[in-house]
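Right, one structure below, let's go through it.
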Amino acid sequence: MRLMKRYQSTLKNAVTFKGYGVHSGCLSVVKVCPADVGCGIIFKRFGEDGKEQMFQAHVSQTGKTELSTVLGHGDVRVETIEHLMAAIAAYDLDNLIIEVSSNEIPILDGAAWQYCQLFEKVGIVQQAVLRPYFIIKKPMRVETTNGFAEFLPFNGRRFDVTIDFASSAIGKQQLSFDLTSQAFRDDLSRARTFGFVKDVEKLWTSGKGLGASLENSLIIGLNNQIINSDGPYFENEFVRHKTLDAVGDTALLGAPFIGLFRSHCSGHALNSQLVKAVLTDESCYEKSIL
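Under this note's numbering, the first residue of the sequence shown is numbered 5, with each subsequent residue one higher.
Spelled out as structure tokens, the structure:
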């Protein structure tokens with residue numbers, strides 16, 4: 005097992021970025037600020053009534069999770085947090101206040117590369133309090149008719165993700181990944197979200213996918229070919245992106261885990277269901293400092 009960080013950490017200074025939400029298509033400005041020990045990851049935004057709302061980055065705060073991971077409900081919510089949360093988890097950041105101007109985190113590059121650049125540019129500071137870990141003690145599995153997600157005991161932080169799509173552009177792909185900031189930056193952070201031209205009209209009708217473009221998404225055409233002129237960044241970019249999503253979704257445990265996350269044909273909803281299942285069965289884990 006790699007040496008786990010023993011102390012909590014935060015950013016040295018605030019970073020700000022802006023862009024358009026992949027689903028809403030609306031401009032959003034986000035400021036990620038340092039926070040005191042024990043604060044955790046908090047998203048802050050204002051409702052239409054002008055009142056400040058704060059959401060802990062925890063699965064207990066999640067709303068409807070299908071096409072993205074959402075904190076909050078109704079008009080006051082923060083959507084599509086998974087890529088930012090993945091970078092936060094990969095860089096072992098424990099305490100942040102994230103101010104968001106709209107209902108959605110910008111899609112930016114469709115992955116997490118820009119977050120890695122921002123975090124490395126501003127720097128990370130160690131704090132004087134030990135960080136807790138969720139140590140997975142026994143298996144926990146949730147499943148659907150088509151897939152599953154599970155946590156297993158393991159002496160490290162590993163993700164073993166398999167996807168299987170009917171489209172010949174994707175097919176079956178598998179990735180085993182040990183989470184470190186360098187591995188995340190080099191192997192996952194540029195893996196973009198993806199979608200199909202055949203689904204565009206349905207998405208637009210439901211008010212989703214309004215900010216998707218060839219600049220931030222891998223798009224598969226009606227002929228089952230990737231239509232982006234630059235093609236995929238990796239031969240298995242699709243499963244790399246699903247692994248990136250899993251890193252972000254499991255970060256909603258509220259603390260880093262030590263164990264193995266394994267999934268087959270999973271997504272945000274099933275990942276969220278697994279995290280909830282673990283937290284409701286205290287025999288599955290031990291929460292302790294190292």
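C-beta atoms are modelled at their ideal positions from N, C-alpha and C, and glycine is treated no differently. In this text the structure is predicted, and so the values were computed from the model without any measurement.
Using three-state DSSP, classify residue i as helix, strand or coil.
i, result
"D203", "helix"
"G76", "strand"
"E124", "helix"
"Y137", "strand"
"A187", "helix"
"E219", "coil"
"L214", "coil"
"V129", "strand"
"V41", "coil"
"L192", "helix"
"L100", "strand"
Do you know offhand how far residue i's Cα is from residue j's?
i, j, result
"S193", "T148", "28 angstroms"
"I102", "K202", "35 angstroms"
"T247", "I46", "23 angstroms"
"A18", "K35", "7 angstroms"
"G114", "T69", "18 angstroms"
"K55", "K125", "33 angstroms"
"I140", "F261", "7 angstroms"
"P236", "A173", "10 angstroms"
"G25", "R81", "13 angstroms"
"L71", "I293", "34 angstroms"
"L226", "W117", "29 angstroms"
"S171", "A39", "44 angstroms"
"L278", "N232", "34 angstroms"
"D182", "R161", "6 angstroms"
"E205", "K212", "10 angstroms"
"G23", "S106", "11 angstroms"
"N228", "C269", "19 angstroms"
"K9", "L100", "17 angstroms"
"Q131", "F123", "16 angstroms"
"F175", "L15", "Phe is not the amino acid found at residue 175; the sequence shown has Gly there. C-alpha separation (whole angstroms): 39 angstroms."
"R189", "N240", "16 angstroms"
"F155", "N275", "10 angstroms"
"A187", "T166", "18 angstroms"
"E286", "D234", "47 angstroms"
"S210", "G199", "15 angstroms"
"S180", "K142", "20 angstroms"
"A195", "K291", "31 angstroms"
What are the boundary residues of the alpha helix (DSSP H) that residue i is part of?
i, result
"E290", "Note, E290: premise wrong, no alpha helix (DSSP H); beta strand (DSSP E) at Y289 to I293."
"G252", "E241 to T254"
"M58", "Note, M58: premise wrong, no alpha helix (DSSP H); beta strand (DSSP E) at E56 to Q60."
"K68", "Premise fails: K68 is in no alpha helix (DSSP H) and is neither H nor E."
"S171", "Segment: none, S171 is in no alpha helix (DSSP H) and carries neither H nor E."
"M89", "E86 to A94"
"A281", "H272 to L283"
Are the beta-carbon atoms of residue i and residue j separated by less than 9 angstroms?
i, j, result
"Q12", "D79", "no"
"V74", "I85", "yes"
"G263", "P136", "no"
"M144", "D253", "no"
"Q177", "D168", "yes"
"L112", "F21", "yes"
"L222", "G29", "no"
"N220", "T184", "no"
"Y119", "H87", "yes"
"F152", "Y289", "no"
"V146", "A250", "no"
Could you give the C-beta distance for residue i and residue j, rounded to a whole number, given that I count them as a contact under 8 angstroms?
i, j, result
"I109", "S32", "7 angstroms"
"D164", "R244", "Rounded, the Cβ-Cβ distance is 13 angstroms, inconsistent with contact."
"G3", "V133", "In the structure as shown, the chain begins at 5 and stops at 294. Residue 3 is therefore absent and cannot be evaluated."
"G271", "H62", "At roughly 19 angstroms, the Cβ-Cβ gap does not stay under 8 angstroms, so G271 and H62 are not in contact."
"Q60", "R49", "13 angstroms between Cβ atoms; not a contact."
"T66", "L283", "The Cβ separation is near 12 angstroms, so there is no contact."
Could you spell out the range, first to last residue, of the beta strand (DSSP E) harbouring residue i?
i, result
"H268", "F261 to H268"
"L31", "L31 to P38"
"Q12", "Y11 to L15"
"Q177", "K176 to D182"
"F155", "F152 to L156"
"M144", "M144 to E147"
"G23", "V19 to Y24"
Please report whether the beta-carbon of residue i lies at a distance below 9 angstroms from any beta-carbon of chain D.
i, result
"V129", "Reference to chain D is not applicable here, since this structure consists of a single protein chain."
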